[in-house]
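For the sequence shown, the numbering used here begins at 1 and goes up steadily by one.
Quick reminder that beta carbons are idealized off the backbone N, C-alpha and C, glycines included.
This one's a predicted model, so the numbers in the text were calculated from it and none came from an experiment.
Before any comments, here is the structure.
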Amino acid sequence: MSERAIIDLFNRPSRRARVGVGDDAAVMPDGQVLTTDTMVEGRHWDDTLSPADVGWKLVAVNASDLGAMGARPAWAMLAIAIPDPPDLAWVAQFRDGLFEALAAFDLELVGGDTVSAPTRTLTLSVGGYAARGVLRSTARVGDDVYVTGALGLAAEGFLSHHPSPAALAALRRPTPPTTFGVLLAEAGLPSAMMDLSDGLQSDLGTLCRASGVGAVIRPEAIPGVPDLGWRVSFGEDYQLLFTAPPGARSAVESLSASAGVIATRIGEVVPGASPRLIGTPWPEPLFTHFPRSSC
Numbered sequence: 001m002s003e004r005a006i007i008d009l010f011n012r013p014s015r016r017a018r019v020g021v022g023d024d025a026a027v028m029p030d031g032q033v034l035t036t037d038t039m040v041e042g043r044h045w046d047d048t049l050s051p052a053d054v055g056w057k058l059v060a061v062n063a064s065d066l067g068a069m070g071a072r073p074a075w076a077m078l079a080i081a082i083p084d085p086p087d088l089a090w091v092a093q094f095r096d097g098l099f100e101a102l103a104a105f106d107l108e109l110v111g112g113d114t115v116s117a118p119t120r121t122l123t124l125s126v127g128g129y130a131a132r133g134v135l136r137s138t139a140r141v142g143d144d145v146y147v148t149g150a151l152g153l154a155a156e157g158f159l160s161h162h163p164s165p166a167a168l169a170a171l172r173r174p175t176p177p178t179t180f181g182v183l184l185a186e187a188g189l190p191s192a193m194m195d196l197s198d199g200l201q202s203d204l205g206t207l208c209r210a211s212g213v214g215a216v217i218r219p220e221a222i223p224g225v226p227d228l229g230w231r232v233s234f235g236e237d238y239q240l241l242f243t244a245p246p247g248a249r250s251a252v253e254s255l256s257a258s259a260g261v262i263a264t265r266i267g268e269v270v271p272g273a274s275p276r277l278i279g280t281p282w283p284e285p286l287f288t289h290f291p292r293s294s295c
């Protein structure tokens with residue numbers, strides 16, 4: 001929980017943002033949605049990813065946050081820190097993947113910064129606009145809990161000795177369902193929503209704490225790879241986690257079918273303060289940003 005403890009240190013009421021620190025992105029009074037993500041070599045990627053894959057993934061993880069807020073993408077700014085002397089061949093390949101993803105997610109690079117550093121460190125900030133933004137703090141008791149896609153593929157791609165092509169693709173070039181997030185939000189279907197970047201166990205806990213509720217989850221209903229730990233405790237899925245009232249079930253099914261996205265109902269929101277799996281404890285987390293921290 002040390003990452004959350006650090007975020008909480010900076011969580012102060014905002015005078016300018018309608019939604020500030022603590023959600024997938026900040027929301028301004030005019031509906032503009034802003035978010036940022038950083039990737040560090042050796043921590044967020046290794047030789048499993050090509051430079052072009054790194055560029056794609058940096059865009060995708062940011063676009064995922066926009067989609068989870070129901071925001072249509074607009075612009076991006078890049079800060080790149082690389083060792084001196086710069087490896088221009090690596091940078092050119094990274095650029096190719098970055099621009100490929102910017103086009104795929106309808107983002108335009110409008111500026112940024114370049115500095116030297118001991119380790120490649122890449123930060124992308126993106127912005128978009130939400131006509132009807134969705135927060136993670138508005139789930140209600142009685143709501144259904146949904147996830148999109150198949151969970152655990154990136155975990156398989158990273159942890160398995162013989163990952164499937166689909167697992168390697170999910171690890172190297174995730175494709176978050178950003179348009180579906182916008183469609184859900186604009187249809188007014190989710191009561192709360194966020195992206196699955198830290199794993200279902202962690203992210204559902206975050207949503208429950210933000211909303212002041214609990215949840216019960218059927219482990220056999222969670223779609224994805226056979227290993228439960230990989231499905232819920234690794235992360236990097238970049239799918240949607242959302243709640244919706246039972247009366248919205250047919251509308252969610254219809255919208256997901258028309259969008260070509262699989263949305264699976266995996267549980268319910270209940271009174272309480274945390275989520276639990278029915279019949280089994282949560283597996284041990286398989287990734288944390290601060291593994292040696294005790295806070």
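For the set Ile-262, Thr-206, Leu-88, Leu-78, the Cα lying nearest the Cα of Pro-176 is the one of Ile-262. Residues of the same chain with a CB within less than 8 Å of the CB of Thr-138, apart from the 5 flanking positions on each side, are Ser-191, Ala-192, Ser-211 in chain order.
Counting only residues of its own chain and dropping the five nearest sequence neighbours on each side, Val-54 has a CB closer than 6 Å to the CB of Trp-45, Phe-94. Scanning Leu-98, Met-194, Val-147, Pro-165 for the CA closest to the CA of Asp-65 turns up Met-194.
Excluding its 5 nearest sequence neighbours in each direction, Thr-123 has C-beta neighbours in its own chain below 6 Å: Thr-38, Ala-79, listed in chain order. A Cβ-Cβ separation of about 7 Å places Gly-224 in contact with Leu-153 under the 8 Å criterion. Under the DSSP assignment, Ser-250 falls in the alpha helix (DSSP H) whose first and last residues are 249 to 259. Between the C-alpha atoms of Asp-87 and Glu-253 there is a straight-line separation of about 48 Å.
The C-beta separation of Pro-174 from Lys-57 comes to about 6 Å, placing the pair in contact by the 8 Å criterion.
For Ala-150, the three-state secondary structure derived from DSSP is coil. By alpha-carbon distance to Leu-34, the top candidate from Ser-50, Asp-47, Ala-63 is Ala-63.
Contact annotation: the stretch 268 to 278 touches the stretch 199 to 219, with at least three C-beta pairs closer than 8 Å. The straight-line gap separating the alpha-carbon atoms of Leu-107 and Ala-81 is approximately 21 Å. The alpha-carbon separation between Ile-266 and Glu-220 amounts to approximately 8 Å.
Distance from the CA atom of Leu-189 to the CA atom of Arg-72, rounded to whole angstroms, is 17 Å. By the CB criterion at 8 Å, Tyr-129 and Gln-32 fall inside the cutoff. The stretch 157 to 171 makes no contact with the stretch 99 to 114: fewer than 3 CB pairs, one atom from each, lie closer than 8 Å.
A buried status is given to Pro-51, since no fewer than 16 other beta-carbon atoms sit within 10 Å of its beta-carbon. For the set Pro-226, Thr-243, Gln-201, the Cα lying nearest the Cα of Phe-234 is the one of Gln-201. Residue pairing by DSSP leaves Trp-282 without any beta bridge partner.
Distance from the Cα of Asp-113 is smallest, within the candidate group Ala-104, Asp-143, Ala-76, Phe-99, for Ala-76. Annotation: Leu-204 to Leu-241 spans about 8 Å, alpha carbon to alpha carbon.
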